[in-house]
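Written below as structure tokens is the structure these notes are about.
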Amino acid sequence: MKLNERSLAFYATCDSPADNSGFLYKRGERHTAYHRRWFVLKGNMLFYFEERDSREPVGVIVLEGCNVELCDSAENFAFAIRFGGSKSRTYVLAAESQAAMESWVKSLSRASFDYMRLVVRELEKQLQEMSRGLPGGCGGSQDAPGPWKPMPPGLEQCRERLPALPAVPPKENGCAVWNNVPGPERPPDTSGCGGHDEEGAPRPPPPLPPRRRVSNGGTASAGPAVAQSPSTFCRLHEQYSREVARLRQDWQQKRRGSQP
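Position in the sequence shown (first residue = 1) + 64 = this note's numbering.
Here it is, written out as structure tokens:
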């Protein structure tokens, strides 16, 4: 794998949040002595520095295809990062406390993309199972319907105590009757929109509006207006344009006359 040193150094020291950070003791590859280093975990990369304020990391461990496990060592709270393959290096680290060791082992075990891939697959599997268990994918359970159960008596009493909702006002001949009070308490209808008269007989529908007269002497119905021709629209446009121009000219003349 080819890695750009400048990009790695910038990524290790940038302000992006770290998954874990702290001091660990790292055993050397050739010498078995442990050296105290500052470790920073970002994603699947474990950087280590000589000091906490160092500007560049000493090295980086790419956490792919590895296992994190506890190991026996001269140092307490030791654990190892082992990679597959006979020629792969094993990194032995040691924490300063039991809590720190557990935190690092957990963080390093979850840092690889292989682990994230397994988590995503498991979540997709659970989502599919939930979708199959929901009818139509909209909620509820797919259990078989059980036997009919009578309504508890307390619920029926609660229904009786609830106030009745106002009924939707009916419409008669296109007019909404809002004073729909049943019985003798209903006031007389004076709006002319009721469906029955005072004796209970059905009231005839209201008369149609009279036909209006147009300028050419004919009559036009009260239905929808017929679209006029383009020539009529052009004449109206010219007429109103001249009127607007005349009014604007009069306003300008009055404005000049009012100025000293």
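No residue lacks a Cβ here, since even glycine has one placed at the ideal position from N, Cα and C.
DSSP places Ala-163 inside the alpha helix (DSSP H), whose first and last residues are 162-173. Within the DSSP secondary-structure output, Arg-91 pairs in a beta bridge with Tyr-98. In the three-state reduction of the DSSP assignment, Val-122 falls in the coil class, being assigned neither a helical nor a strand state. For Ser-173, the closest of Leu-198, Ala-144, Glu-160 and Gln-192 by C-alpha to C-alpha distance is Ala-144. Beta-bridge analysis with DSSP links Gly-86 to Phe-103. In the three-state scheme derived from DSSP, where H, G and I count as helix and E and B as strand, Ala-73 is classed as helix. Residue pairing for Arg-146: DSSP places it in a beta bridge opposite Asn-131. Separation of Asn-140 and Ser-80 (C-alpha to C-alpha, rounded to the nearest whole angstrom) is 31 Å.
Per DSSP, Leu-110 is one residue of the beta strand (DSSP E) stretching across 109-113. In the assembly as shown, Phe-177 is an exposed residue. Its beta-carbon has fewer than 16 other beta-carbons within 10 Å.
The C-alpha of Gly-197 is placed about 42 Å away from the C-alpha of Ser-85.
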